[in-house]
Structures are given as structure tokens and as C-alpha cells.
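K.L.:
Here it is, the structure in full.
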Amino acid sequence: MSSIDKKHPGLNLGRSDPGAHQDAEEIVFGFWVFLMSDLVLFALLFATFATMIGRTADGPGPQEFFDLKSVAIESALLLISSFTFGYASLAMKYRPEPMKVVRWLGVTLLLGIGFLGFEVHDFVTMAGKGGTPQTSGFLSAFFALVPTHGLHVFAGCIWIVVMIVQTLAYGLARDVKLRILRLGLFWHFLDIVWIAIISVVYLRALA
Amino acid sequence: MDRLWFFFFGTLNYDSLPFYSTIATIAAGIVVAGALVTFGLITWYGKWTALWKNWLTSVDHKKIGIMYVVVAFVMMARAVVEASMMRLQQALSFDAPGYLPPEHFAQLFSTHGTIMIFFMAMPFLTGLINYAMPLQIGARDVAFPVLNSISLCLTGGGAALMMVSLVLGKFSTGGWSGYPPYTEMAFSPGVGPDYWIWAVTLSSIGTTFTGINFAVTIYKKRAPGMHLFRMPLFCWTSLCTAILMIFAMPPLTLATLFLALDRQLGFHFFTNDAGGNMMNYANLFWLFGHPEVYILILPAFGVYSEVIANFSSKVLYGYRTLVVATMAIAVLSFTVWLHHFFTMGQSSAVNAAFGIATMTIGIPTGVKVYDWLLTMFRGRVRFSVPMLYALAFLILFVVGGLSGVLLANPAVDYQVHNSLFLVAHFHNMLIPGLLYGMLAGTHYWFPKAFGFRLDELWGRIAFVCWVVGFLLAFMPLYALGLLGMPRRLVEYFDPDYLPYTIVAAVGAGFILAAFASLVVQLVVSIRHRDALRVFVGDPWNGRTLEWSISAPPPEYNFAVIPDVKARDAFHDMKRRGVAYRRPKHYSNIEMPMNSMLGPVVAIAATACVFGIVWHIGWMIVLGFLTVWGAVIARSFVRRTKRIIPASEVRRTEERWLAAVSKAPLIARDYETSPANRGLAEAAGA
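Line order of the protein sequences matches chains G and W. Numbering-wise, the first sequence is residues 1 to 207 according to the UniProt record's numbering. Numbering-wise, the second sequence is residues 1 to 685 according to the UniProt record's numbering.
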């Protein structure tokens, strides 16, 4: 097998770092499998939400809460953060200057925090209007699905901080690169889940 | 004062102590005394450092495998005792209260089921796969050794929580499946369901990681030439089990976490009011629960495939059909979950579809049974202990399978659901299926793991007790079920039941004797270990790669990664006369270093969930932060590998090769004699 073979889906390090590329085969494949398991978790959260959508128990329903403007801003922040993460990955692969990677990771982090800020604001507003998970089955399912995605983004943010520190401390060492590769998959994965959340939770509930 | 107490100890108080009944006090006493004696002995012999360094922090798949099996045995001891207590209660409770109060009886069937599934069966099969699978594919370790250690420790943490629940507070009375709304706060306000939720959650998270680890290991770490279709069948069943774990554990994790949110934070997933829907629980739980059945049985099928081929001195019949059947079972296992609640209100058309899907699983399973029979046909069958278990399995498992086909028919299910007929059916699948398989695997691989064989005589005594015990304890349950006796009954008034419950209690006695025989066998074998030693490593004329190295194997498994040319790789090497070859040269071997991440994460996670059970805020926060802090800290550790120098590898290998050249060649008729030092006379097809 030559070093330029694609060893896993997504960005491969290939010729630019054959050693890391070799190691990526097992590690990144393993992370794909993990994401698959995580996706099963989300699929079930979606399924639960779908079965609970009408179970508002005479409490407030989706029409009362969902602020599509805020959702649009959140979506923009998250989608742009995926884009900036792409730049971080490309910088890591083609321009082995740690500072470039750190800068792009920093931008991604800010966008991620912005997303979380808007989301938390949404939840607080909802709670103010009486939309707490204790109110109804529908809201329980909502607060299981959307904040689980939010917690993933939060974990991703912490992971970005760790990777910024490690890139500064160790440069673009092989293990650092492999971690950024996996972090990238995780971050883009959260985007995909978010798009499903927009379609299934926000748009469908308002339709 | 009260607020200070609550801050430090949450809702723990005097009433949490097990003084509400004599039996509970005795059980708690045994747990505490057992723990004290264990700690005392370790301290007395000064073994803490050794235990920590060589075992708890080890990331060696072989040691992790052994520790899994140890957990399984310890937990089996408790759950077998609980089973006999319940059988005794039913034998005594015709028109009488018996000796167990109803609430205690309910705790017993809940802990018995939870332990047997999550803390006996799962660790047992995970342990066997951990031990044997990497050796069979010619790998030096699993893909993610530290993650493996985390999985083990999380399972251990869950098991520890089960034991703590005997001492502090009362366990759930909601059965092993913990159905809401009964397990909701409104009906079960105690800590019992919380213990159940968090013990199961720890184990399910560990198992998800295990599944990922095994699947990646099998896909990516096979030796050169070990194509998928050259893998031993045990590896195939391990792969399917791993895939099932990856897909089937998340529904369980979610179901238990939803229930926890309902109970702790007042959510309404499964409550009766405010739009909750308990059917979501039934669906989520059995979306896990049914694939789980095959997670449990497939590794045992793998063991039987190895054992039957090996002790028939014949190549496995219908290898490809066995692989396809295994895959078919794995896929079909996701299409039948609804048969666990045929009577819970869906239309007859839906029931019919799931009934048919359920019966379909009988087809690949039948294929397997014929393959095993035809493997034995015209082979030279040796009736060693693993083979005896395999033979008992073949007969009894078919009986259980047939009762399963009966239950798959919704019309029949309506008659016997929730009766002892069902209990008889699934014990009929799990004891002769899973447990006999695990015991066969233990007897088969024990000499590989420890370097000496297990005592034959006590092995046979245990086998007879297991079979007689199973038949006496569970065949009457079929009859009782058809007579209409519901499961989980603490007291009854129909005299027709009495003779059967007495026979079943006698059977439980035999099962206790069987477990005791296993313990005696272990003690006897350790005492006579010098006569039973098989250092050369191939006591059974094995066919697969794990037998091609010393027993116990060196840390790095293979000095040189084998080059595989055929299925049954070691048999092929022996036939071509290339087994036990001295490698042309030795090289340095890189192995992962020990890590304390596993134990630290598990201790912190267990503390965190214990805090949730008893509402101890600081413990929750501290445990949670420690888990993630430890994971992040670990990512800053730069040196995670160590080198075993070529000279050390040479010394180890030369010592073994010298033993090989001195050992007598043993014909199959003498494999259980003390002359067997682990060098087999090649024989068979």
C-alpha cells in the first residue's frame, strides 16, 4: 500500500505526513465507528422527539417558543465554524505552521461559543415563557434532543481549547495532528446533526 | 445540622442501613466481610503494588480478559445464590408466606436478572473475546488498549455499585428490565431504581467502547494473510457481537438516562401524566434488549465452533454457511424487538410481522446446528469437558429454540406471556447456550491463559451438576407456565404448582453444587498445577494461532507476526512442518505502557453516580470533573509506548523453544494425562 492511498473517509494526510497517515488508518477509522454509535444515539433522540411532538399536555407547543431568527443566526454561526475548521485542517495538512492552525481553531472556537450563547439564550427565553422540560412530554423530548447537541458542541469547544494548547506546546506533532483530524470529524458531524435538528425540530414543528 | 449532614452525605441516613430484615443484614454482612477479608489479605501479603502495577493499570488484552472473567465469576456467585433463594421461597410458599417478604423477593429477582445479564454474561463473553480474539488474528493487542482498560473498569464500577446496593439502601423491585411507570418516582420513591439505572448505564457505556474496540481490532489488526474468510469462527462471532454492541447499546443508555431524568429532574418521558409515554421505554429498551440476546449468544456459538472442530479433530464443516448464518442472525436481531411486548396493544398485523421475523431467526440458527453436527460426523470425537458442554448445548439449545418458536407466535404468546413458560424459555437459551459456552471456553482456553490445564474429574462433576441442575430447575417451569403460574410470584394457592416448584428447588440445589464444583476444580487445579503444566502451549492439538505460542503467552504475544497461508492457520503450519520455527532474527517490539486512566475514570464515574443516587452534590461534581480532567490530562502524556528490546524477546523465545524441543509428542488419547506438556502430535483433517 503506498502512502498516498486514502485510508479513511475525510481529509487524509497522505504524502504530507506519511507517518501520521499510517497511524491514522486505525485511529481515525475507530473514531468513525464511534461517531456511528453517537449517531445512533441522536437517531433515537429524533425518534423520541417525533413520537412526543403532539404530547404537549395542554402546555405550550412549538408555535409559542421557536424563534426562527435566533435559529438562523445559530445555524450561520455553526456552519461558518465548520468552514473555518476546514481551514484549520487544510493549514495543518499543507502549511505546517502551528500558528496558522491555532488561529483558525481560535476562530472556530469563538463561533462555537457564539452558537452556545445564542442557544442558551433561547432556552432561558423558553423557560421564561413556561417552557421547561417538566411541563410536558413534548418539552422533555425537546430538551433531551437539542441540549444534547449543545453539550456535544460544548465538549467540542473544550476539545478545541485543549488542541490549541497542545499545538502551542508541542507544535504539529504526529499525535496532535491525529487529534485535530478526529476533532474535525466530530465538529463536522455536529453540523450534520444540527441540520437535522433544524429540519425535524424547528421547521417541522412550525409547519 | 441537618443541612450540614445533607451537604456531606445527601439522603444517606440510619434507615439506609440494611437492618430492616435479618436476611438483608446477613447479605450485607457477607459483602462487607468479604470486602474486608479481601482487602486484609492483599495488605497482609503486601500485594497492593503488584495488583496495581501488574493488573489494575495493565492495558494488556490478556490480563484485561482475565479480569473480566474474574468479575463475571464473583458476580455469578451472588446471582446463583439469589436464584436458589427464590426457588426455595417458591417451594415453601404454597398457601404460606414462605421465608422472604414480598419486597425482598422482588429485589432478588431484580438483582438476579440485572447481575446475570450485565455483570455475569457480558463480562464473561467480553473477557473471552478479549483474551482469545487478538491471539487468533495474530495481533499484539487490541486497537485501543487504554480504552479497553476503561471499559473493564466501568463494568467493574457498575458491579461495585450492585454490591454497594446490598449494604446501603434497597435495590429496585422493578425487575431487570426496569419498566416505567412502575420505576418512576411516583411508584418507586426509594433509591432502588437509581442504583439499577446507574449500574446499568456504567456497564452500557463500557460495553459500547468495547464494541468499537473489538470491531476496529478485527478490521484493522489482522496478521498479514489473515483474510476475513480465514479468520477462526470465534473471531467472526466476535465481530458480529461487536457490531451489535455498537448499535444496540445506545438505546439502552438513552432509555436509562431518560428514566433518570424523569426521576431526578421531573421530566415526562415515561410518566403517566403530562404527555409521558411508557411505550417509548418498551421500544427503546427492547431495541437494545433483543440484539443483546445475540450479543450474549453469538460469542458462545463461536466457542462451540472452535471446540467442536478441535475435539473432533476435523475442519469445521460449512465454514462459509456459519459465517453467513452469524451475519444473518446479527442483522435479523434488529427486526424482532417487538416480540417482547406482543400483548402491549399494537395491531395484530404488526404482531404478525414481528412474529414471522422472529421465526426467521430459527433458520440461520438451524443451519448452524447442522454444521456443528456434520463437523462431528466421521470425526474422532474426544469427550473432554469443553466437548461435553458443547454436546449438552446441542441437545438442550434445540429444545429451548423450539419453545422460542412457539413463543414467536403471537397467539401462543398471548396465552403464556408473563408466565414461567417464558422464564423457562429464556433460561433454556441462556444456560445451555451462553453459560455452557462460556464454561466450555474457560476450560478450553484456561491452559493457554495460565499455563496449566484444569482438573478433568472436577470438571466432569461440575458438568453433570450443571446439566442435571438445569433440567431439574427449568423443565418444571415449562409445565408450571402452561398451568398458568405467572413469573415473579412470591406466594401461590394452587396445589398443582407445588410438586413442580419442589423439583425446581432441588434443581437449584444442583446448580449451587455445580458452582461449588467449579470453585473446587479451580483450587484442585492450582494445587496440582505442576502436573498439569503445558508450557509449550498446544495441549489440545489446536488449529488456530493462539495455540502456536507458549502458555501463558509472552506480553507481546508473537515474537514475529505470523504470516497466514490458510484457514486454521496453526493446523496448516503444523501440517507443513513450519510450526515452532526459530525466527531468522528478533527485533524490538513496541508495546503500550500501563495507564492508570482506566481505574481513575471508573472510580470517579462510580463516585459520581453514587452521588446521584444519594443526592450528594459535591461527589457528583467532583466525580464528573475528575473523569474529564483525567481524560484531558492523559492526552498530555507524551510517552505512551515502551520498547521490549530484541535481546529480551530472544531470551523469552529461546527458553520456550528449548522447552518445545524437550517436550514429548502427545497423542490425542493421552491429552488429559500428566505427560501432556503442550506439544501435540499432529492429527486429524
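For glycine and all other residues, C-beta sits at the position ideal for the given N, C-alpha and C. Nothing here was measured: the structure is a model prediction, and the numbers come from that model.
Please list, in chain order, the residues of the stretch 140-156 of chain G that have any C-beta partner in chain W closer than 9 Å.
P.N.:
Of all residues in the stretch 140-156 of chain G, S140, A141, F143, A144 and A155 have a Cβ within less than 9 Å of some Cβ in chain W.
K.L.:
Residues of the stretch 109-134 of chain G with a CB closer than 7 Å to any CB of chain W: list them in chain order, please.
P.N.:
Within the stretch 109-134 of chain G, the residues whose Cβ lies closer than 7 Å to some Cβ of chain W are P133 and Q134, listed in chain order.
K.L.:
Establish whether the CB of F558/W and some CB of chain G are separated by less than 7 Å.
P.N.:
As a working note, residue 558/W is residue 558 in the second sequence. It does not: the Cβ of F558/W has no partner Cβ on chain G nearer than 7 Å.
K.L.:
Please list the segments of the alpha helix (DSSP H) lying wholly inside the stretch 98-152 of chain W, counting only runs of 4 or more residues, in order along the chain.
P.N.:
DSSP runs (the alpha helix (DSSP H)) wholly in the stretch 98-152 of chain W: 102-114 and 122-136.
K.L.:
Alpha carbon to alpha carbon, how far is G469/W from G379/W? Give it in angstroms, no decimals.
P.N.:
As a first step, residue 379/W is located in the second sequence; it is residue number 379 there, counting from the start. As a first step, residue 469/W is located in the second sequence; it is residue number 469 there, counting from the start. Computed Cα separation, rounded: 30 Å.
K.L.:
Taking the continuous alpha helix (DSSP H) assigned at P232/W, which residues delimit it?
P.N.:
Here residue 232/W corresponds to residue number 232 of the second sequence, with the count starting at 1. Here P232/W belongs to no alpha helix (DSSP H), and DSSP marks it neither H nor E.
K.L.:
Using only CA atoms, which one of T343/W, T640/W and R677/W lies nearest to E590/W?
P.N.:
In the second sequence, counting from the first residue as 1, residue 590/W sits at position 590. Closest by alpha carbon: T640/W.
K.L.:
According to DSSP, simplified to helix, strand and coil, what is S165/W?
P.N.:
Here residue 165/W refers to the residue found at position 165 of the second sequence. Helix, per DSSP.
K.L.:
For a minimum of 3 consecutive residues, which ranges assigned as the beta strand (DSSP E) are wholly contained in the stretch 476-505 of chain W?
P.N.:
The qualifying runs do not exist here; there are none.
K.L.:
Got a sec? Which residues, its chain only, sit under 8 Å from Y556/W by beta carbon, not counting five neighbours each side?
P.N.:
For the purposes of this step, residue 556/W is taken as residue 556 along the second sequence, with counting starting at 1. Here the set comprises R140, I589, M591, I644 and V649.
K.L.:
Across the stretch 220-229 of chain W and the stretch 559-568 of chain W, are there enough close Cβ pairs to call them in contact, namely three or more that are closer than 8 Å?
P.N.:
With the cut-off at 8 Å, the stretch 220-229 of chain W and the stretch 559-568 of chain W touch.
K.L.:
Report the three-state DSSP secondary structure of S419/W (helix, strand or coil).
P.N.:
Here residue 419/W is taken as the residue at index 419 of the second sequence, counted from 1. Reduced to three states, the DSSP call for S419/W is strand.
K.L.:
Since Q107/W and K170/W are thought to touch, with beta carbons under 8 Å apart, how far apart are those beta carbons, to the nearest angstrom?
P.N.:
Mapped onto the second sequence, residue 107/W falls at position 107. Mapped onto the second sequence, residue 170/W falls at position 170. Contact holds; Cβ gap of about 6 Å.
K.L.:
Report yes or no: is there a C-beta of chain W within less than 7 Å of the C-beta of M1/G?
P.N.:
Residue 1/G sits at position 1 when you count from the first residue of the first sequence. Unreliable placement is indicated for M1/G, whose pLDDT of 44 sits below 50; the coordinate value is still reported in the next sentence. For M1/G, the answer is no, since every Cβ of chain W falls outside 7 Å of its Cβ.
K.L.:
Output needed for V80/W: all residues of its chain with C-beta closer than 8 Å, excluding positions within five of it in sequence on either side, in chain order.
P.N.:
Within the second sequence, residue 80/W is the residue found at index 80, counting from 1. If we look at V80/W and ignore the five residues flanking it on each side, its Cβ neighbours are I511, L512 and F515.
K.L.:
Quick one: measure Cβ to Cβ for L296/W and A121/W, integer angstroms, because I've assumed they're closer than 8 Å.
P.N.:
In the second sequence, residue 296/W corresponds to position 296, counting from 1. In the second sequence, residue 121/W corresponds to position 121, counting from 1. Yes, L296/W and A121/W are in contact; Cβ-Cβ is about 5 Å, under 8 Å.
K.L.:
Return the first residue and the last residue of the alpha helix (DSSP H) that R179/G is part of.
P.N.:
Position 179 of the first sequence, counting from 1, holds the residue named residue 179/G. Start and end: R174 to I197.
K.L.:
Once you ignore the five residues that flank G598/W on each side, which residues in its own chain have a CB closer than 6 Å to its CB?
P.N.:
Counting from 1 along the second sequence, the entry for residue 598/W is found at position 598. Answer for G598/W: S149, I150 and C153, listed in chain order.
K.L.:
Residues in its own chain within less than 6 Å of residue 702/W by CB, not counting five upstream and five downstream?
P.N.:
Look at the range of chain W in this structure, 1 to 685, and you will see that residue 702/W is not part of it.
K.L.:
Measuring straight from C-alpha to C-alpha, what distance separates residue 718/W and I246/W?
P.N.:
With chain W represented from 1 up to 685, any question about residue 718/W goes unanswered, as that position is not in the structure.
K.L.:
In the structure shown, what three-state DSSP assignment does M1/W receive?
P.N.:
As a first step, residue 1/W is located in the second sequence; it is residue number 1 there, counting from the start. The answer is coil: DSSP assigns M1/W none of H, G, I, E or B.
K.L.:
Report back the beta-carbon spacing between M485/W and S403/W to the nearest angstrom; my notes put them in contact at under 8 Å.
P.N.:
For the purposes of this step, residue 485/W is identified with residue 485 of the second sequence, where counting begins at 1. For the purposes of this step, residue 403/W is identified with residue 403 of the second sequence, where counting begins at 1. About 16 Å; that fails the 8 Å criterion.
K.L.:
How about R55/G: is its C-beta nearer than 7 Å to some C-beta of chain W?
P.N.:
The residue labelled residue 55/G in the question sits at position 55 within the first sequence. For R55/G, the answer is yes, since a Cβ of chain W falls inside 7 Å of its Cβ.
K.L.:
In terms of DSSP beta bridges, what is M591/W paired with?
P.N.:
Taking the second sequence and counting its residues from 1, one reaches residue 591/W at position 591. For M591/W, which the question treats as bridged, DSSP gives the partners R642/W.
K.L.:
What does the Cβ neighbour count give for M67/W, buried or exposed, with the cut at 16 atoms within 10 Å?
P.N.:
Translated into the one-based positions of the second sequence, residue 67/W becomes position 67. Its Cβ being crowded by 16 or more others within 10 Å, M67/W is buried.
K.L.:
Report yes or no: do three or more beta-carbon pairs, one from the stretch 114-125 of chain G and one from the stretch 37-46 of chain G, lie closer than 8 Å?
P.N.:
No: the two stretches stay apart, fewer than three of their Cβ pairs being nearer than 8 Å.
K.L.:
Whose CA, out of A141/G, R182/G and V107/G, lies closest to the CA of L79/G?
P.N.:
Stepping through the first sequence from its first residue, residue 79/G is reached at position 79. Of A141/G, R182/G and V107/G, the residue nearest in Cα terms is V107/G.
K.L.:
Would residue 700/W pass as a contact of H417/W if the rule is Cβ separation under 7 Å?
P.N.:
Since the first residue of chain W shown is 1 and the last is 685, residue 700/W is not available in this structure.
K.L.:
I need the boundaries of the alpha helix (DSSP H) containing T51/G, first residue and last residue.
P.N.:
To locate residue 51/G, count along the first sequence from 1; it is residue 51. Taken as a continuous stretch (DSSP letters only), the alpha helix (DSSP H) holding T51/G covers P18 to M52.
K.L.:
Kindly say whether F247/W, judged by its beta-carbon, lies nearer than 7 Å to any beta-carbon of chain G.
P.N.:
Numbered from 1 along the second sequence, position 247 holds the residue referred to as residue 247/W. It does; some Cβ of chain G falls within 7 Å.
K.L.:
Grouping DSSP H, G and I as helix and E and B as strand, with all else coil, what is F94/W?
P.N.:
Mapped onto the second sequence, residue 94/W falls at position 94. Strand, per DSSP.
K.L.:
How about G629/W: is its C-beta nearer than 7 Å to some C-beta of chain G?
P.N.:
Within the second sequence, residue 629/W is the residue found at index 629, counting from 1. By this cut-off, G629/W is not an interface position.
K.L.:
Could you check how far apart the C-beta atoms of S525/W and G537/W are, in whole angstroms? I think they sit under 8 Å.
P.N.:
For the purposes of this step, residue 525/W is taken as the residue at position 525 of the second sequence. For the purposes of this step, residue 537/W is taken as the residue at position 537 of the second sequence. Not really, about 17 Å apart at Cβ, beyond 8 Å.
K.L.:
What span of residues does the alpha helix (DSSP H) with E671/W cover, start to end?
P.N.:
Residue numbering aside, residue 671/W sits at position 671 when the second sequence is read from its first letter. Note, E671/W: premise wrong, no alpha helix (DSSP H); not H, not E.
K.L.:
Throw me the rounded Cβ distance for the G65/W and Y131/W pair, which I believe falls under 8 Å.
P.N.:
Along the second sequence, read from residue 1 onward, the residue named residue 65/W stands at position 65. Along the second sequence, read from residue 1 onward, the residue named residue 131/W stands at position 131. Going by Cβ atoms, the distance from G65/W to Y131/W rounds to 3 Å, so yes, they are a contact pair.
K.L.:
DSSP state of R650/W, grouped into three classes?
P.N.:
Looking up residue 650/W in the second sequence gives position 650. Here R650/W sits in helix by DSSP.
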